[in-house]
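Trainee:
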Amino acid sequence: GDRYGVIDAKRWNEATNWLLSDTETKNDDGINENTPTANFGLDVDVWQPSSKLLAGNELARRELVKANESALEFYKVHGRKPSLAVITVGDLPRYGGADRRLNIYSNDSNSWFNKVEAGQSNGFNVKDIHLTSDTATTDKVLSILSDLKKGGEEYFDGIQLMWPLPPQLDATKLYNAIDQRQDVDGAHYMGQCELGPSSAKTTALPPVTPAAVMDLLDEYSIDVRDKRVLVVGRSRIVGSPLAYMLRDNHAIVTVVHSDVSYENLEREVRASDIVISCAGEPNLLKAEWLSPEAEVINVGTTFWNDKLVSDFDESDLSQYAKRYSPVPGGIGPLSVASLFKNVAKAAWNRMEENSSY
């Protein structure tokens, strides 16, 4: 249910059916007398999650199962696991407190902060490559990227070059050096979208966090068509591609960022039907600015004072928003599933391409 003290009725019923699956007793009419009724033993009025929560954990679990099933089928057909190489240069400021966050909010089998273990748990081979910022050069990272796309034992189906990069590195050259077929983080996505005709669909894999946002909107039947959608944040890996995806789904999109004045931020938030905040800056937005019918997707999070917080102030969002994604338990777990779905797709695409020659 994404919160302590709540229970998701669907998962409760699945668990109850599983527990009683080995105790089947049929009556004279052939009906299993041990089949529990819906919500058996659960008072949903007490334990039900709030209807205002746009929770992502259950959706993430289902999507990760899909990625795992694809990986297992790939292994059965091709005799190897889909593979991912994750390259990190230096210490990423936005991942401060990663170990503590993992201990409190997640586990190794589905954590963004332990992709090696998450991959192993779900049928993927993941290699973690870490370079120190003081010794890394553009040429050194280019050499690693070249080795990862040569083929053979060191070839990986997917490459994720973690952002941001230290200032001495040529980020444009490095991201352009990633083969589009291995680009599971969607670095090439915006370039294809901007260069291609508006009617054409890009073949680049989507950036994982924007894809997670779109999945959550779809899960809760939030139609963005003709809605005023505010995207707070303009990064190349989240805010900008997300704005494109929303426009592609016929939303009226406004993009703002942390350098916009409080007066203008307030005005834009008050005018929006949907607010998607991706800044990663605590207290940037005030919950009281929201209109009563506004829906909020919290993407940007910060580990602050030993807890994970959104870009909104500490006001209770449930008192101001129609619905909102919780922190934690909203977009975070979905991003992991999106990443491994991209890796599985890249692996299948590669083998299909090879078989065509």
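Per the working numbering, the sequence shown starts with residue 964, numbered consecutively.
Each residue gets a CB set at the ideal place from its N, CA and C atoms; glycine is no exception.
Since we're looking at a predicted model, the values are computed, not measured.
#1: Run through DSSP, which three-state label would residue 1138 get?
#2: Would you call the region 1303-1311 in contact with the region 1027-1041, where contact means no fewer than 3 C-beta pairs closer than 8 Å?
#3: Could you tell me whether the region 1310-1318 touches the region 1175-1194, where touching means 3 or more Cβ pairs closer than 8 Å?
#4: Quick one: what's got a C-beta closer than 6 Å to residue 1339's C-beta in the same chain, skipping five residues either side?
#5: Between residue 1220 and residue 1226, what straight-line distance do the alpha-carbon atoms span, to the nearest angstrom?
#6: When DSSP labels each residue in this structure, what does residue 1166 get in the three-state scheme?
#7: With C-beta atoms as the reference, is residue 1271 less than 9 Å away from residue 1296?
#8: Whole angstroms are fine: how far does the CA of residue 1208 sit from the CA of residue 1104?
#9: May I ask which residues mark the beginning and end of the alpha helix (DSSP H) holding residue 922?
#10: Quick check on this structure: which residue in 981, 1199 and 1237 has the alpha carbon closest to the alpha carbon of residue 1188?
#11: List the DSSP bridge partners of residue 1052.
#12: Just to confirm, is the Cβ distance from residue 1143 to residue 1166 under 9 Å?
#13: Beta carbon of residue 1284, beta carbon of residue 1250: below 9 Å?
#14: Consult DSSP for residue 1244 and reduce its assignment to one of helix, strand or coil.
#15: How many angstroms separate the CA atom of residue 1163 from the CA atom of residue 1213?
#16: Drop a sphere of 10 angstroms on the beta-carbon of residue 1028, count the other beta-carbons inside from all chains shown, and report buried for 16 or more, exposed for fewer.
#17: Count the other CB atoms within 10 Å of the CB of residue 1282; is the residue buried (16 or more) or exposed (fewer)?
#18: Please tell me whether residue 1107 and residue 1047 are closer than 9 Å, where the distance is taken between their beta carbons.
#19: Who does residue 1146 pair with in a DSSP beta bridge?
#20: Please return the same chain residues whose Cβ sits closer than 7 Å to the Cβ of residue 1081, not counting the five positions on each side in sequence.
#21: For residue 1266, report the span of its alpha helix (DSSP H) as first-last.
#22: Figure out for me which residue from 1195, 1004, 1018 and 979 has the closest Cα to the Cα of residue 1175.
#23: CA-CA distance, residue 1131 and residue 1137?
#24: Could you check if residue 1040 is buried or exposed, using at least 16 other CB atoms within 10 Å of its CB as the buried criterion?
#25: Less than 9 Å between the C-beta atoms of residue 1194 and residue 1202, yes or no?
#26: For residue 1275, which residues does DSSP report across the bridge?
#27: For residue 1205 and residue 1276, I'd like the C-alpha separation in whole angstroms.
#28: Whose C-alpha, out of 1171, 975, 1316 and 1286, is nearest the C-alpha of residue 1147?
#29: Give me, in chain order, the residues of the same chain whose beta-carbon lies closer than 6 Å to that of residue 1245; leave out the 5 immediate sequence neighbours on both sides.
#30: Helix, strand or coil, according to DSSP, for residue 1185 in the structure here?
#31: What residue range is occupied by the uninterrupted beta strand (DSSP E) comprising residue 1261?
Mentor: Based on what the coordinates show:
#1: On the sequence shown, position 175 is the one that residue 1138 refers to. Looking at residue 1138 - three-state DSSP - the assignment turns out to be helix.
#2: yes
#3: no
#4: Outside the shown range of the chain, which is 964 to 1320, sits residue 1339, and nothing can be said about it.
#5: As a working mapping, residue 1220 is identified with position 257 in the sequence shown. As a working mapping, residue 1226 is identified with position 263 in the sequence shown. Near 13 Å, if we compare the C-alpha coordinates of residue 1226 and residue 1220.
#6: Translated into the one-based positions of the sequence shown, residue 1166 becomes position 203. In this structure, residue 1166 counts as coil in the three-state DSSP scheme.
#7: Counting from 1 along the sequence shown, the entry for residue 1271 is found at position 308. Counting from 1 along the sequence shown, the entry for residue 1296 is found at position 333. Contact flag unset, no.
#8: Here residue 1104 corresponds to residue number 141 of the sequence shown, with the count starting at 1. Here residue 1208 corresponds to residue number 245 of the sequence shown, with the count starting at 1. So the alpha carbons of these two residues sit roughly 30 Å apart.
#9: What is shown of the chain runs 964 to 1320, which leaves residue 922 out entirely.
#10: The residue labelled residue 1188 in the question sits at position 225 within the sequence shown. The shortest C-alpha separation from residue 1188 is found at 1237.
#11: Position 89 of the sequence shown holds residue 1052. Partner(s): 1094.
#12: Along the sequence shown, one-based indexing puts residue 1143 at 180. Along the sequence shown, one-based indexing puts residue 1166 at 203. In this structure, residue 1166 lies closer than 9 Å to residue 1143 by Cβ.
#13: Here residue 1284 is taken as the residue at index 321 of the sequence shown, counted from 1. Here residue 1250 is taken as the residue at index 287 of the sequence shown, counted from 1. Contact: yes.
#14: Along the sequence shown, read from residue 1 onward, the residue named residue 1244 stands at position 281. Looking at residue 1244 - three-state DSSP - the assignment turns out to be coil, as it is neither helix nor strand.
#15: By 1-based counting over the sequence shown, the position of residue 1163 is 200. By 1-based counting over the sequence shown, the position of residue 1213 is 250. With a pLDDT of only 49 at residue 1163, under the threshold of 50, the placement of this residue in the model should not be trusted; the figure read from the coordinates follows. Those two C-alpha atoms are separated by around 15 Å.
#16: One-based indexing of the sequence shown puts residue 1028 at position 65. It is exposed - the Cβ of residue 1028 has fewer than 16 other Cβ atoms within 10 Å.
#17: Numbered from its first residue, the sequence shown carries residue 1282 at position 319. By the 10 Å Cβ count, residue 1282 comes out exposed.
#18: Position 144 of the sequence shown holds residue 1107. Position 84 of the sequence shown holds residue 1047. Not a contact, by the Cβ cut-off of 9 Å.
#19: What you label residue 1146 is simply residue 183 of the sequence shown in a count that begins at 1. Paired residue(s): 1122.
#20: The count along the sequence shown starts at 1 and reaches residue 1081 at position 118. Contacts found: 1071, 1072, 1073, 1074 and 1299.
#21: Counting from 1 along the sequence shown, the entry for residue 1266 is found at position 303. Looking at the DSSP string, residue 1266 is not in any alpha helix (DSSP H); the run it does join, the beta strand (DSSP E), is 1265-1267.
#22: Your numbering for residue 1175 matches position 212 in the sequence shown. Checking every option, the nearest Cα to that of residue 1175 belongs to 1018.
#23: Counting from one through the sequence shown, the residue named residue 1131 turns up at place 168. Counting from one through the sequence shown, the residue named residue 1137 turns up at place 174. C-alpha separation (whole angstroms): 12 Å.
#24: Looking up residue 1040 in the sequence shown gives position 77. Under this definition residue 1040 is an exposed residue.
#25: Your numbering for residue 1194 matches position 231 in the sequence shown. Your numbering for residue 1202 matches position 239 in the sequence shown. Cβ distance < 9 Å, so residue 1194 and residue 1202 count as in contact.
#26: In the sequence shown, the residue the question calls residue 1275 occupies position 312. The partner list for residue 1275 (beta bridge, DSSP) reads 1248.
#27: For this step, residue 1205 is matched to residue 242 along the sequence shown. For this step, residue 1276 is matched to residue 313 along the sequence shown. Looking at the two C-alpha atoms, the distance is approximately 23 Å.
#28: Sequence index remark: in the sequence shown, residue 1147 carries index 184 (1-based). The residue with the shortest Cα to Cα distance from residue 1147 is 1171.
#29: As a position in the sequence shown, residue 1245 is number 282, starting the count at 1. The answer, listed in chain order, is 1265, 1267 and 1272.
#30: Stepping through the sequence shown from its first residue, residue 1185 is reached at position 222. Of the three classes helix, strand and coil, the one that applies to residue 1185 here is coil, per DSSP.
#31: Numbered from 1 along the sequence shown, position 298 holds the residue referred to as residue 1261. Its beta strand (DSSP E) spans residues 1258-1261.
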